[in-house]
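Heads up: the sequence shown begins at 1020 in our numbering, then just goes up one per residue. All C-beta atoms, glycine included, are put in the ideal place defined by N, C-alpha and C. The structure under discussion appears below in the form of structure tokens.
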Amino acid sequence: MATFRALVLHEEGGKVEPRIKAVDEARLPPGEVTVAVECSTLNYKDGMILQGIGRLVRNYPHVPGIDFAGTVERSDSPEFKPGDPVILTGWRVGETQWGGYAEKARVRASYLVRRPEGLSARQAMAIGTAGFTAMLAVIALERHGLKPGAGDVLVTGAAGGVGSVAVALLARLGHRVVASTGRPEQRDYLTELGAADLIDRATLAAKLSRPLDVERWAGAIDAVGGTTLATILTQLKYRASAAACGLAGGSSLPATVIPFLLRGVNLLGIDSVMCPRDERVAAWQRLVRDLPLDKLDGMTETVPLSALPGLASKILRGATRGRIVVDITG
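This is the structure we're talking about:
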């Protein structure tokens, strides 16, 4: 029986234990398409899964990895043939079924997107779930009226994965981007990505003192949640929007309805997991067109599978920068 190399999680005594081991191909889950995986990434959710936080995984042994890029090896679907370059993000792959931290993956054909021409597997995963989410957030803000020249656009968690791509995208599209971070040592990094100014995240994380603040933001992409998002809502300009796509700062929202009633602001929820396929294809095409791919190298670190257990706690602490690509073949 053929085998492949994978990072496999085992649950022992209530604790999750990662092991890199050979796995029989017969263990792959059902699906029409088998993919030879080249690259995956480390996302915040991956960190939670690797640490056994949140009960996102219920069945062990389990292969995590919520996204991957690779080449079709076998296909029972007319949509794909062997040799096709593909990307997967979302659909709870890596949570409810085996994911991308392995040399092989098997999934439904409907979960896959053909990799855009000119985009390598490494570049696709340098974007990955985080960059795809950032693009969805930008598209949502545009649909609600955001245009270049409208004023400052805020990005929170700016040195993280979603934030880094959001800063680069918005700047490339002509917006004046203000990056919020708790790591002042990342100023040069964020400026290089296109941020025009930086603010300390502590200024947004303080408990609300009033239901409305001075109008400041023409739009916002928030990867933090909690009090930070509540504060942003009080500072949005009239009829401006905030796109919420993360909860690193907490899942509660200690806000009032006043900004909605008196300024007509919009709170836009961004879900990249169950995003319809046609929107996925459009978002990836936008990424190839609008994201300065030359910025990817500067925001990306490449690591082997063996490095993931040690990096999981680091990403959960907010101590990583930009994107982490996992080289599955190395």
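- Between residue 1326 and residue 1080, the alpha-carbon positions lie close to 19 Å from each other.
- Look at the beta carbons and you see the region 1149–1163 not touching the region 1116–1128: under three pairs across the two are nearer than 8 Å.
- Contact between the region 1106–1113 and the region 1081–1092 is present, with at least three C-beta pairs closer than 8 Å.
- Per DSSP, the unbroken beta strand (DSSP E) holding residue 1094 starts and ends at 1086–1094.
- With 16 or more other CB atoms across the displayed protein chains lying within 10 angstroms of its CB, residue 1142 is buried.
- Taken through DSSP and simplified to helix, strand or coil, residue 1146 comes out as helix.
- Inter-residue distance for residue 1347 and residue 1258 is about 45 Å (C-alpha atoms, whole angstroms).
- By the beta-carbon neighbour count (other beta carbons within 10 angstroms, threshold 16), residue 1241 is buried.
- Partner residues in a beta bridge of residue 1066, as assigned by DSSP, do not exist.
- The DSSP-derived three-state label of residue 1206 is helix.
- Residue pairing by DSSP places residue 1288 opposite 1263 in a beta bridge.
- At the C-beta level, residue 1185 and residue 1174 come within 8 Å of one another.
- Per DSSP, the unbroken alpha helix (DSSP H) holding residue 1298 starts and ends at 1296–1309.
- Taking all protein chains in view, the Cβ of residue 1068 is crowded by 16 or more other Cβ atoms within 10 Å, so the residue is classified as buried.
- Between the alpha carbons of residue 1066 and residue 1334 lies a gap of roughly 6 Å.
- Annotated as distal: residue 1194 and residue 1287, with beta-carbon spacing of 8 Å or more.
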